[in-house]
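Respectively, the protein sequence lines represent chains Z and L. One point on numbering: in the numbering used here, the residue at position 122 of the first sequence is 122, and numbering is uninterrupted. One point on numbering: in the numbering used here, the residue at position 136 of the second sequence is 1136, and numbering is uninterrupted.
There are 2 protein chains.
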Amino acid sequence: MSFTEHAVEVLRERGYKVTRPRKQVLEAIEKAAGPMSPYDIGKMMEGKGKHLDQVTIYRVINLLCSLNLVHRVFSRGGFVRCDLQEEEGCHRFLVCRGCGHLQEFRDEALCRQESQVAQKLGFQAEHHVTESSGLC
Amino acid sequence: MSFTEHAVEVLRERGYKVTRPRKQVLEAIEKAAGPMSPYDIGKMMEGKGKHLDQVTIYRVINLLCSLNLVHRVFSRGGFVRCDLQEEEGCHRFLVCRGCGHLQEFRDEALCRQESQVAQKLGFQAEHHVTESSGLC
DNA sequence: GCAGTAATGCAACACTATTGCATTTGACTT
DNA sequence: AAGTCAAATGCAATAGTGTTGCATTACTGC
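Following this line, the structure appears as structure tokens:
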């Protein structure tokens, strides 16, 4: 099952309508090589002769983020598909400053340790996002 | 020695001129309760009757970032003073989703472990940024 | 196919960020 | 204390990011 197909199922399960714009945004993100900004998606659609309003794109992306179907990559100013839905609360990106390659992964131990250190500082952590840059 | 005073010394040491705009941006960030965006800084200055061009603010902030004097907080869209210059390559923020309180800290062990996990994935990490949300 | 609501499109607006070029000014010399 | 000059700023222009309110459209369930 493709990323988009899976996401469509999640939308349905949660009671959200499966609309043309939502499918288009999902497909754009699925096919993209790297993070896509809302603007990128709009331009891509325009290029294909299918106009999508930017406001709609923002709203769709917000929804997809809240459903953990896509993740924002801060350091790249865009969004990527998320294929690691099992766990929540923690995700990490490796971003290569050479080729731009991006890899997402999770690590339970790291996540636990992070929360522990936060706790020692009097903080109840719920969610961690780590972005590492370097060379792949 | 205040944050601004220290930063001014660093600028001088590194051969950068100590200008009125640079001091103003430093003071704005020093006094701020939370992260300041370039726009915030511009408005703050305007409020005090001291105009500062936005382009200048962006350029000053870029310089301060490159000198590790301020850090960007992605999840808040702003910049905070950095008082932990000793180590480089790794920094972490705890952001309280209740009161908005922000705390920066470092943890060598966590940083090492992160790099190790990255290495196992074939990635030579140079820099990590983690932002954790939760409750303080 | 129809009804009703959720979602979209549009208009408008505010903030983020960058480039090129003319002008100014801080640091250094004398 | 005044002069030099490269570095830094200000301005104009431009493009991308992100949000709100409201009228219209189109999915979903019947």
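We treat Cβ as the ideally placed atom computed from N, Cα and C, and that holds for glycine. These numbers come from a predicted model, not from an experiment.
Could you check what DSSP says for residue i in three-state terms: helix, strand or coil?
i: residue 1010/L; result: helix
i: residue 36/Z; result: strand
i: residue 97/Z; result: coil
i: residue 19/Z; result: coil
i: residue 1047/L; result: helix
i: residue 106/Z; result: coil
i: residue 132/Z; result: strand
i: residue 1090/L; result: strand
i: residue 74/Z; result: helix
i: residue 1123/L; result: coil
At 9 Å on the CB atoms, spell out the chain Z contacts of residue i, in chain order.
i: residue 1117/L; result: 92, 105, 107, 109, 110
Once you ignore the five residues that flank residue i on each side, which residues in its own chain have a CB closer than 6 Å to its CB?
i: residue 98/Z; result: 135
i: residue 1114/L; result: 1128
Quick one: residues in its chain with C-beta nearer than 7 Å to the C-beta of residue i, no 5 flanking neighbours on either side, listed in chain order?
i: residue 37/Z; result: 77, 78
i: residue 11/Z; result: 18, 22
Given that a residue counts as buried once 16 or more other Cβ atoms are within 10 Å of its Cβ, and exposed if not, what is residue i?
i: residue 102/Z; result: buried
i: residue 1002/L; result: exposed
i: residue 51/Z; result: exposed
i: residue 55/Z; result: exposed
i: residue 1047/L; result: exposed
i: residue 1066/L; result: exposed
i: residue 122/Z; result: exposed
i: residue 131/Z; result: buried
i: residue 1119/L; result: exposed
In its own chain, which residues sit with a C-beta less than 8 Å from the C-beta of residue i, not counting the 5 before and 5 after it?
i: residue 1084/L; result: 1091, 1104, 1105, 1106
i: residue 30/Z; result: 2, 3, 4, 81
i: residue 27/Z; result: 4
Identify the contact partners of residue i in chain L, using a Cβ-Cβ distance below 9 Å as the criterion.
i: residue 125/Z; result: 1094, 1132, 1133, 1134, 1135
i: residue 121/Z; result: 1094, 1103, 1105, 1136
i: residue 113/Z; result: 1107, 1109, 1110, 1113
Using the beta-carbon of each residue, which ones in chain Z are nearer than 8 Å to residue i?
i: residue 1079/L; result: The premise fails here: residue 1079/L is roughly 14 Å from chain Z at the closest Cβ pair, so nothing lies under 8 Å.
Which residues of chain L have a Cβ atom closer than 7 Å to the Cβ of residue i, listed in chain order?
i: residue 128/Z; result: 1130, 1132
i: residue 74/Z; result: 1074
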